[in-house]
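Encoded as C-alpha cells, the structure appears first; notes follow it.
Structure follows, in C-alpha cells:
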C-alpha cells in the first residue's frame with residue numbers, strides 16, 4: 001500500500017544538462033506533428049543508449065521499423081500487440097539471470113516497454129498487470145493518444161468521454177465515447193509498484209526527470225504520457241505542444257507522481273483554464289453541446305478534486321531541491 | 001529472385017532483423033512538407049525549444065549557437081514556429 | 001550413467017531441464033503439465049537450479065516472456081498443454097520467425113470443447129504450421145532423453161528454431177516409469193553452452209521484429225522454413241550422438257514387427273507402445289503385420305517414412321486427432337501426400353482413435369488390424385468406436 005521508495009540515486013536533469021540525442025533517428029514515418037514520437041524520443045533522451053526496448057504493435061512500432069530501415073539506435077524488439085509487459089519481463093529476467101550466472105557482465109541496461117493506450121488499457125492490460133505484480137525492474141511507458149490510431153482512430157478505453165472516434169462516432173444517437181477514460185495510473189499504483197507518473201511532452205524537464213526517477217527505483221515503474229495525435233484528434237499539427245500544455249492547464253491531464261503509494265502533483269495549476277478552451281481546438285469534440293461541455297467540466301473538476309485529496313492525504317516526501325517548472 | 005523482393009532470402013539477417021541502427025536516416029522525409037521553418041537570427045534567444053519539441057529530431061546547434069532544422073527531414077509541422085517564445089521561426093515556402 | 005530410478009515422468013522431464021542449466025523458465029500451470037513446472041519451481045526455490053522462474057499470468061505471456069528472454073540470449077524453457085498451447089498460438093508463429101531456440105514440453109491434452117483434461121494430439125495438431133521443430137515421445141525414458149536433445153537441436157547454428165517435445169498427458173506425465181538419468185557433468189559434455197548468434201545487446205543494437213513489408217515477407221518466411229528442413233539432419237546427428245553417449249539409439253522413424261510386412265500400422269506418441277504389443281501378438285499368430293513409429297513430426301521426415309513403408313500394401317494410420325471437414329486425419333494426410341503419384345502406392349486407411357483420453361487397448365489394435373486387412377474400412381477415415389463401421 002504505502003512504502004518508502006529510495007529515489008536518492010536519481011540523476012536529475014536541469015535546463016543546463018538536457019540530453020539532446022534521441023535514440024529514435026530522423027527519417028521515421030510518423031505523421032507531420034506527431035507528438036507521440038516526440039514524447040518517445042524525449043524518453044529515450046533521458047534513458048540514453050544503455051537500454052533494451054520492447055515495443056508493442058502500434059503507431060510507434062510501425063513508423064520506426066519500416067524494413068529495411070530502422071529508426072532505433074538501441075536494441076529493440078517488437079513481438080505482438082498485447083504483450084509488451086510480458087516480453088519486457090522476459091528480457092529483464094534473462095538479464096538478471098545471465099548476470100547472476102556470470103554469463104554477461106556489466107551493469108544492467110534499462111529495460112523499457114513502449115505501448116500505446118490500446119495496447120496498455122485494453123488488450124495488453126493483463127500482461128502489464130502481470131509484469132507489475134511480479135516486480136520486474138522495468139519501465140513501462142504508455143504513450144496515450146487516446147484511441148487505436150494506427151488502425152484508423154478506433155476507440156480505446158483510454159478515449160475520453162465525448163470524443164468522436166470511428167467506433168464511437170458522434171451521431172444523432174451518440175455523444176461519441178460514452179464512458180470515461182480508464183484511470184491507468186491508479187490501476188498501476190494499485191499494484192504496489194514504487195513509481196507511477198503522468199507526463200506531458202510540453203513539460204519536457206518534468207517528463208525527463210520522471211524517466212530518471214523511474215530508472216532509479218528498484219522495481220517496476222509506469223509512465224503515462226499524454227500524446228497528441230493531430231491526425232486522429234482533428235487538431236492542427238503546429239499546436240501539438242500548446243495542446244499538451246493546455247491539457248495540463250485545464251486539469252484535463254494533471255501531472256503527478258505516485259511514489260510508493262504517495263502522491264505529488266508536479267505541476268501546480270493555480271487557476272485552471274476552462275475545459276472548453278481545450279475541447280474547441282479538436283474536431284473530435286466539435287459535436288459537443290454546451291451541456292456536454294458542462295458535464296465534462298464537472299468530470300474534470302471532480303477527478304482533480306479526488307487527486308488533490310489523495311495528494312493532501314498521502315503526500316510524497318518533498319524532493320530535495322525539486323525540479324523547477326520551466327516557465 | 002523475384003523483382004518484387006528487396007533481397008534474396010539467403011542474404012537476410014537472422015530472423016529478418018535489421019542490423020544497421022538508426023538507418024531511417026536514409027529516408028529523407030523532407031519531401032513531405034508544404035511549408036518550411038525559417039529562422040530570424042536577430043530574434044533568436046538560443047533557448048533550444050525548437051530542438052526540444054521537434055518530432056523529427058532534426059534540429060541541431062550550429063557553430064554560432066543557433067538551432068537549425070535539417071530540411072531534408074523536416075515535415076513542416078510548424079511546432080517549432082508555434083512554440084518559439086520570440087516568434088523567431090516562421091513557416092513559409094521552402095527556399096530551393 | 002546412473003541406475004534406473006522409478007519416478008513420475010513429469011519429474012524426470014523437470015530433472016532434464018534442470019540438468020540443462022536453463023537460465024529462464026517462464027511458465028503457467030495447466031493440467032497435466034503442472035508437475036513439471038512445480039518441480040522446476042522447487043528446484044529454483046532451493047537453489048538446485050540457478051534460473052529466473054517467471055510465474056507468468058497466462059500462457060500467452062509465458063511464450064511472450066520466453067521470446068523476450070531468448071532474444072536476450074538466455075537458454076529458455078516453458079511447458080504447456082491444450083488450452084494453454086492454444087492461448088499462445090499467436091506467439092508460436094513469432095518465435096521461429098525470430099529464430100529463437102526456445103524448448104517447450106507439450107503435455108498433449110485434448111482441446112476444448114467439450115473441455116477435456118485427457119490426452120489426445122489435437123492441441124499440437126492445431127500448431128502444425130508454426131515452424132517449430134516437433135518431436136513425439138513414446139515413453140518416460142524418451143521424455144527425459146529427448147528433452148535434453150531438444151536443447152542441442154534448437155541451439156545448433158544450422159537450426160536456431162524453437163523445439164516442441166510432445167508427451168502424452170497423464171499417460172506419460174503422471175506415470176511412474178523407470179528412468180535412467182545422467183548427471184550434470186554428463187549432460188554438460190553432451191550439451192555445449194548456448195552461444196547466441198544475435199541478441200538484444202546495447203553494445204550491438206539491432207531491431208528484431210520489424211514490419212515485414214511485401215518486398216521481404218516471403219523471403220523472411222523462406223529463411224526459417226529452410227532452417228526447419230535443415231533441422232532434420234541436425235536431429236539425426238543429435239540423436240546419433242545421444243546414442244553414442246548413452247547407448248539409447250533413436251531414429252526419426254522406428255520400425256518393428258514383421259519385416260517387409262504387407263500391413264503396417266503408423267503411430268505417433270504413447271499409443272505406439274500399445275500397438276507394439278498388439279503387433280507382437282499378431283506376429284506371433286503368424287500375421288503379416290508391422291509398425292512404423294514416427295518420432296519427428298516437423299519437419300516431416302519424408303525419405304525415412306517412404307523407406308519404412310516401401311514394402312507395405314496397406315498402411316493403417318492411427319491419428320489421435322480429428323481434422324473436421326478434412327479429407328482425413330493430420331498424420332494420414334501427410335502420408336497420403338507422400339505417396340501421391342508413386343508407383344505401387346500402398347492403400348492408406350485412417351483410423352482416428354483415442355480422442356479426449358478414450359483408452360485404446362491392445363485388443364482395439366487387433367480389431368483394427370482385422371478390419372483393415374479384410375477391407376472393411378472403406379471411408380477416408382473412421383472414428384474408432386464411434387462410427388458403425390469402426
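Chains as they are written, first to last, in my numbering: chain A, 1 to 327; chain B, 1 to 96; chain C, 1 to 390.
All C-beta atoms, glycine included, are put in the ideal place defined by N, C-alpha and C.
Contact residues of the region 76 to 89 of chain A toward chain C are 76, 77, 78, 79, 80, 82, 83, 85, 86, 87, 88 and 89 (C-beta to C-beta distance below 8 Å). When DSSP assignments are scanned along the region 211 to 262 of chain C, the uninterrupted stretches of alpha helix (DSSP H) that are 4 or more residues long and fall wholly within it turn out to be 214 to 246. Shown here for residue 236/C: same chain residues with a beta carbon closer than 7 Å to its own, the five before and five after excluded, namely 252 in chain order. Secondary structure within the region 224 to 270 of chain A: the alpha helix (DSSP H) runs of 4 or more consecutive residues, fully enclosed, are 230 to 233 and 240 to 249 (chain order). The three-state reading of DSSP puts residue 147/C in helix, counting H, G and I together. Annotation for residue 166/C: the continuous beta strand (DSSP E) segment containing it runs 163 to 168.
The three-state secondary structure of residue 319/C, taken from DSSP, is strand. When DSSP states are grouped into helix, strand and coil, residue 82/C belongs to the helix group.
The C-beta distance from residue 207/A to residue 225/A rounds to 7 Å, short enough to fall under 8 Å. Under the 10 Å beta carbon count, residue 23/B is surrounded by 16 or more other beta carbons and is classified as buried.
Within chain A, no C-beta atom comes less than 9 Å from the C-beta of residue 198/C; the nearest is roughly 10 Å away. In this structure, the straight-line span from the alpha carbon of residue 30/B to that of residue 11/B is close to 31 Å. Under the Cβ criterion (8 Å, minimum of three pairs), the region 47 to 65 of chain A counts as touching the region 73 to 85 of chain A.
Residue pairing by DSSP places residue 271/C in no beta bridge whatsoever. Taking all protein chains shown into account, residue 86/B has fewer than 16 neighbouring C-beta atoms within 10 Å of its C-beta and is therefore exposed. Comparing alpha-carbon positions, the option among 191/C, 207/C and 94/C lying closest to residue 183/C turns out to be 191/C. Interface criterion not met: the Cβ of residue 327/C is under 8 Å from no Cβ in chain B. Short of 8 Å from the beta carbon of residue 91/B, and not among the five residues preceding or following it, lie these beta carbons of its own chain, in chain order: 35, 36, 37, 38, 76, 78 and 81.
Residue 268/C holds the alpha-carbon nearest to the alpha-carbon of residue 329/C among 268/C, 286/C and 85/C. Short of 7 Å from the beta carbon of residue 266/A, and not among the five residues preceding or following it, lie these beta carbons of its own chain, in chain order: 206, 255, 256 and 257. As computed with DSSP, residue 116/A is found in a beta bridge with 143/A. For residue 32/B, the three-state secondary structure derived from DSSP is helix.
In this structure, the CA atom of residue 95/B is about 29 Å from the CA atom of residue 228/A. The beta carbon of residue 61/C falls within 8 Å of a beta carbon belonging to chain A, placing the residue at that interface.
At a Cβ-Cβ threshold of 8 Å, residue 250/A and residue 281/A do not count as neighbours. Exclusion of the five residues before and after residue 25/A leaves 71 and 73 as the residues of its chain whose Cβ lies within less than 7 Å of its Cβ. Residues of the region 214 to 233 of chain C with a C-beta less than 8 Å from any C-beta of chain B: 214, 215, 216, 218, 219, 220, 222, 223, 224 and 226, listed in chain order.
CA-CA distance, residue 309/A to residue 302/A, rounds to 11 Å.
Its chain contains 147, 148, 165, 166 and 167 as the residues whose beta carbon lies nearer than 7 Å to that of residue 154/A, once the 5 sequence neighbours on both sides are disregarded; these appear in chain order. Contact between residue 87/A and residue 27/C is absent: CB atoms are separated by about 16 Å, not below the 8 Å threshold. For chain C, the residues of the region 5 to 22 of chain B that bring a beta carbon within less than 9 Å of one of its beta carbons are 5, 6, 7, 8, 9, 10, 11, 12, 13, 14, 15, 16, 17, 18, 19, 20, 21 and 22, in chain order.
In the same chain as residue 6/C, and ignoring 5 residues on each side of it, the C-beta atoms closer than 6 Å to its own belong to 176 and 178, in chain order. Counting C-beta pairs with one atom in each stretch, the region 130 to 144 of chain A and the region 49 to 65 of chain C have three or more that are closer than 8 Å, which means they touch. Within the region 78 to 106 of chain C, the residues whose Cβ lies closer than 7 Å to some Cβ of chain B are 97, 98 and 99, listed in chain order. A check of alpha carbon separations from residue 144/A across 189/A, 313/A, 269/A and 199/A identifies 199/A as the nearest. Taking a C-beta distance under 8 Å as the contact criterion, residue 85/A and residue 10/A do not qualify as a contact pair.
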